[in-house]
Amino acid sequence: MNYTLRVWRQKNSLDKGRFVDYEVGGVAPEMSILDTLDLLNERLLQKGEEPVAFESDCREGICGACGLFVNGYPHGPQKGTTTCEVRMRLFADGATIVIEPFRAKAFPVVKDLVVDRSSLDRVIAAGGFVSVNTGNAQDANSILVGKDRAAKAMDAAACIGCGACVAACPNAAAMLFAGAKVTQLALLAQGNPERERRALAMRERLDLEGFGNCSNEYECEAACPKKISVSHIARLNWEYLRAAALSEPEKVEVGPG
Amino acid sequence: MRLDAKIPGGPLEGKWDARKAELKLVGPNNKRKFDIIVVGTGLAGASAAASLAELGYNVKVFCIQDSPRRAHSIAAQGGINAAKNYPNDGDSVYRLFYDTIKGGDFRSREANVYRLAQLSRLIIDQCAAQGVPFAREYGGTLANRSFGGVLVSRTFYARGQTGQQLLLGAYQALMRQVGLGRAALYPRREMLDLVVEGGKARGIVARDLVTGKIESHAAHAVLLATGGYGNVFYLSTNGVAGNVTATFRAYKRGALFANPCYTQIHPTCIPVSGEHQAKLTLMSESLRNDGRVWVPKKPGDKRIPLDIPESERDYYLERRYPTYGNLVPRDVASRAAKAACDQGFGVGPTGHSVYLDFSDAARRDGPHALVEKYGNIFEMYENITGESPLQTPMRIYPAVHYTMGGLWVDYDLMTTIPGLFCLGEANFSDHGANRLGASALMQGLADGYFIIPYTIGGYLSGTELPKVNTADSVSFRLAEENARDGVAKLLGVKGRRSPHDFHRRLGRLLWENCGMSRNETGLLGAREKIRGLREEFWQDVAIVGPGEDVNQALERAGRVADYLEFASLMITDALERRESCGGHFREEYQTPEGEARRDDANFAHVAAWEYKGEGAPVVLNKEPLEFSAVHLAQRSYK
Chain P
7 MNYTLRVWRQ KNSLDKGRFV DYEVGGVAPE MSILDTLDLL NERLLQKGEE
57 PVAFESDCRE GICGACGLFV NGYPHGPQKG TTTCEVRMRL FADGATIVIE
107 PFRAKAFPVV KDLVVDRSSL DRVIAAGGFV SVNTGNAQDA NSILVGKDRA
157 AKAMDAAACI GCGACVAACP NAAAMLFAGA KVTQLALLAQ GNPERERRAL
207 AMRERLDLEG FGNCSNEYEC EAACPKKISV SHIARLNWEY LRAAALSEPE
257 KVEVGPG
Chain C
235 MRLDAKIPGG PLEGKWDARK AELKLVGPNN KRKFDIIVVG TGLAGASAAA
285 SLAELGYNVK VFCIQDSPRR AHSIAAQGGI NAAKNYPNDG DSVYRLFYDT
335 IKGGDFRSRE ANVYRLAQLS RLIIDQCAAQ GVPFAREYGG TLANRSFGGV
385 LVSRTFYARG QTGQQLLLGA YQALMRQVGL GRAALYPRRE MLDLVVEGGK
435 ARGIVARDLV TGKIESHAAH AVLLATGGYG NVFYLSTNGV AGNVTATFRA
485 YKRGALFANP CYTQIHPTCI PVSGEHQAKL TLMSESLRND GRVWVPKKPG
535 DKRIPLDIPE SERDYYLERR YPTYGNLVPR DVASRAAKAA CDQGFGVGPT
585 GHSVYLDFSD AARRDGPHAL VEKYGNIFEM YENITGESPL QTPMRIYPAV
635 HYTMGGLWVD YDLMTTIPGL FCLGEANFSD HGANRLGASA LMQGLADGYF
685 IIPYTIGGYL SGTELPKVNT ADSVSFRLAE ENARDGVAKL LGVKGRRSPH
735 DFHRRLGRLL WENCGMSRNE TGLLGAREKI RGLREEFWQD VAIVGPGEDV
785 NQALERAGRV ADYLEFASLM ITDALERRES CGGHFREEYQ TPEGEARRDD
835 ANFAHVAAWE YKGEGAPVVL NKEPLEFSAV HLAQRSYK
């Protein structure tokens, strides 16, 4: 099969960037879109042209490294898959496929299709954890978690941190990403002691990183490769409100000078 | 070189306590005076970095991806073993130890494996406390399932995403330390050299993969947790970024590389479909709890599986190994699949696959129960092949998955270079010649959470470590020059063939000659061809674009260059080990039934290879394996 790949090329974060069309022939239907980019890159190298930079690692939908905007959708038009799982059999022979990076203020372009998503790491660093040092743990079965509750926590924990929710959102909000982590830890007894602190800190970090706010577009859920529900955003809002209501105002220590 | 594993004396069950008691401690106020570099952020690296930062050390963490959460531990599916005996089915620390030693075909260190089994219980506690959403029973206790090579249910899991959940637990613990300012994160960095000064590991040289800058980082100790070398085969279940570069360059600086010929070929992977495939996808071993492996009894039978009646199917694992059946260890299951296909019984368009059939389990427990246990794995399979395992049997074939070999380490996880430690899959230590399922996660986390935090203190408090300034140090300057020259040399070739092309050809040579079965003629031939391929690489590799920018062809070329050298070491090791054990099957050494024939009189040792400089022959050092608690027996799963 033959395709035209219309690929976003951008030298660095300062460059304006542009689309470039590439004809790629000899594509098999079981190839993924990333295999097809690999093939394009091999041919570009043979011609002495610079290959297209893009990120990937596991190539089985779990690491979250890949993330391309394909024909106007994060991870392509197929529901519940990452870019690396999109097979070429999805596209008609001869089609033009438009490939862009994830676009968001909090995800500056590094080069071509590679963006910097370290803002998501900083949101986790703000509070997406249980503060338990190594070696402090009691027997695992001493903390009981009901099967259904554990399953709900697992649904939220399935997030792969790819940023598709941000790329899909007209406000470039990361509420689904943060909501999934807040929900997972709020549902478990282990996360309870710092529940308020976590909701406040992660919510604040989202603003600092330049992510937008939720306006109920539901685009994030539609784009999420792990089909994480927007109900987690409702939970994030609830956890945030609850925390704001319950928390003591921080006493600010004013030092000399 | 005399290899001293520093295994403590006394009875097996007391060795780790004895070692901990004799290790010196670093005082709470002194820990902040020590800088520790951790390279790699998979289960071993992230758990080590988090735990050391919690203790108060200054930790610098490096990873090749954009985020530490992307490390390939994330892709581990099935589970993690622990001798908790929650199901009351007769498990114990001793039994986990014994299963692991036997599973490794008696080629691992007794003391290490026993410690691993002891620590397994703490790992589950630690991860549960972090909020890892393990599968639970209705009453709220943790659920277990079975894995290959064992007769108890000791595997803990989080759906088919156990690696992801354990890694996120460790990653979150690490990010907490980053947020607190106790650990500094260096993502998108590739370690290109180890810096040894005064005979001790004192830092690394890394390339910033965005700017191309070659950077020096000094420390009092360096931990490599950079994973395995399975990608030397090009097609493997590993992520595409995985490489041997960090450990191989440490080897060139004096760390011994142990048992490089031990590679694990996983029996249940989606078969190769075409030329332009970047990797192979694993289907979790846990599927063998409910799936039955079979091929048609008639060779070349092209009927669709549902049309082949029960009487014309050969459930060959159940037939050959009635006690363990479909749950034999990976090496045994892989060789059996290869044998079936080599004899013409294979199915699918290429004849290189066998069926894994869930219809009995679906009838017994209902399709819903299968979806609950394996839903995401079934979806992944359907997405790739276009077929639903609930409608038609899966087609599977073995693929390279894990590497048991790695840098030689002593009981403290220290390599032969003082101050250089090696953790997780990157070291050689605990799995012998074959790793049992659900044991990789266990080992990575045991190393990172519960071993290195103790042993590193012993090293730091008992060692003279003068201050090193990267700007004035000759060792750092030379290592930087070495790294810069390496990049310049690659960019200077200006050839016509892509790094992928060389990688693919290398992989094919290894898969055919140093894969599931090996023989002397094939190995010698492959070594010669790889020598030729290496020469061609340095004349014809194509890299376009500058070194001072994101340049993924340059990154790949550097890794392939190391693989081309490393492959020769693998083959040398495979040639030298004139026996069959675990994943290393030498055709010349097999029983009349086609099982691996070990030679304990001559090969009950670790083969640790020493680099002697460009062009010089490598030197073999042997660490004899002594067994006091287990009796060496021919492994039988019949």
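Chains P and C, in that order, give the protein sequences.
For the first sequence, the positions run 7 to 263 when the working numbering is used.
For the second sequence, the positions run 235 to 872 when the working numbering is used.
Cβ coordinates follow ideal geometry from the N, Cα and C atoms, glycine included.
Classification of residue i by the beta-carbon crowding that lies within 10 angstroms, buried from 16 upward
i	result
Lys701(C)	exposed
Leu724(C)	buried
Glu56(P)	buried
Glu606(C)	exposed
Arg266(C)	exposed
Met235(C)	exposed
Gln299(C)	buried
Ser19(P)	exposed
Tyr871(C)	buried
Gly263(P)	Low confidence applies to Gly263(P): its pLDDT is 49, below 50, so where it sits in the model is not reliable, and the reading given next is rough at best. Burial call: exposed.
His451(C)	buried
Asp807(C)	buried
Ala489(C)	buried
His865(C)	exposed
His602(C)	exposed
Val566(C)	buried
Tyr405(C)	buried
Gly133(P)	buried
Residue interval of the alpha helix (DSSP H) (run including residue i)
i	result
Arg241(P)	237–252
Ala452(C)	No alpha helix (DSSP H) holds Ala452(C); the beta strand (DSSP E) holding it covers 448–452.
Pro733(C)	733–747
Beta carbon of residue i nearer than 9 Å to that of residue j
i	j	result
Lys85(P)	Ala228(P)	yes
Asp339(C)	Asn668(C)	yes
Arg49(P)	Asp27(P)	no
Asp833(C)	Arg483(C)	no
Tyr589(C)	Trp642(C)	no
Ile690(C)	Leu428(C)	no
Arg738(C)	Tyr468(C)	yes
Ala455(C)	Ile270(C)	yes
Thr189(P)	Ala162(P)	yes
Gly476(C)	Asn493(C)	no
Glu799(C)	Arg768(C)	yes
Asp783(C)	Thr445(C)	yes
Gly902(C)	Arg95(P)	Because chain C spans 235 through 872 in this model, residue 902(C) falls outside it and cannot be assessed.
Gly54(P)	Val778(C)	yes
Cys230(P)	Cys165(P)	yes
Ser673(C)	Leu350(C)	yes
Tyr631(C)	Cys575(C)	yes
Glu344(C)	Leu859(C)	yes
Proximal chain C residues relative to residue i, where beta-carbon distance stays under 8 Å
i	result
Thr87(P)	Asn617
Leu40(P)	Ala512
Within chain P, partners of residue i - CB distance below 7 Å
i	result
Met614(C)	Glu66, Gly67
Gly413(C)	Ala131, Ala132
Ile358(C)	Ala146
Gly779(C)	Glu56
Enclosing beta strand (DSSP E) for residue i [first to last residue]
i	result
Gln498(C)	497–503
Val439(C)	434–442
Asp44(P)	Run containing Asp44(P): none in the beta strand (DSSP E); it sits in the alpha helix (DSSP H), 39–52.
Glu212(C)	Since the displayed chain C opens at 235 and closes at 872, residue 212(C) lies outside it and no answer follows.
Asp427(C)	423–431
Per-residue contacts from residue i into chain C (C-beta, under 7 Å)
i	result
Val151(P)	Arg370, Gly374
Listed by chain order, chain P residues near residue i by CB distance under 9 Å
i	result
Asp300(C)	Glu61, Ala71, Val116, Val120, Val121, Asp122, Arg123, Ser124, Asp127
Per-residue contacts from residue i into chain P (C-beta, under 8 Å)
i	result
Met409(C)	Asp127, Ile130, Ala131, Gly134, Phe135
Asp735(C)	Glu48
Proximal residues of chain C, C-beta to C-beta of residue i below 9 Å
i	result
Asp213(P)	By Cβ distance, chain C contributes nothing, its closest Cβ being about 16 Å from Asp213(P), past 9 Å.
Ala163(P)	Gly365, Val366, Pro367, Ala392, Gln395, Gln398, Gln399, Leu402
Residues, ordered as in the chain, of the segment 132–147 of chain P that lie near chain C by beta-carbon distance below 9 Å
Ala132, Gly133, Gly134, Phe135, Val136, Ser137, Val138, Asn139, Thr140, Gly141, Asn142, Ala143, Gln144, Asp145, Ala146, Asn147
Residues of the segment 45–56 of chain P with a CB closer than 8 Å to any CB of chain C: list them in chain order, please.
Answer in chain order: Leu45, Asn47, Glu48, Leu50, Leu51, Gln52, Gly54, Glu55, Glu56.
Near-chain C residues of the segment 188–201 of chain P - C-beta to any C-beta below 8 Å:
Gln190, Leu191, Leu194, Gln196, Gly197
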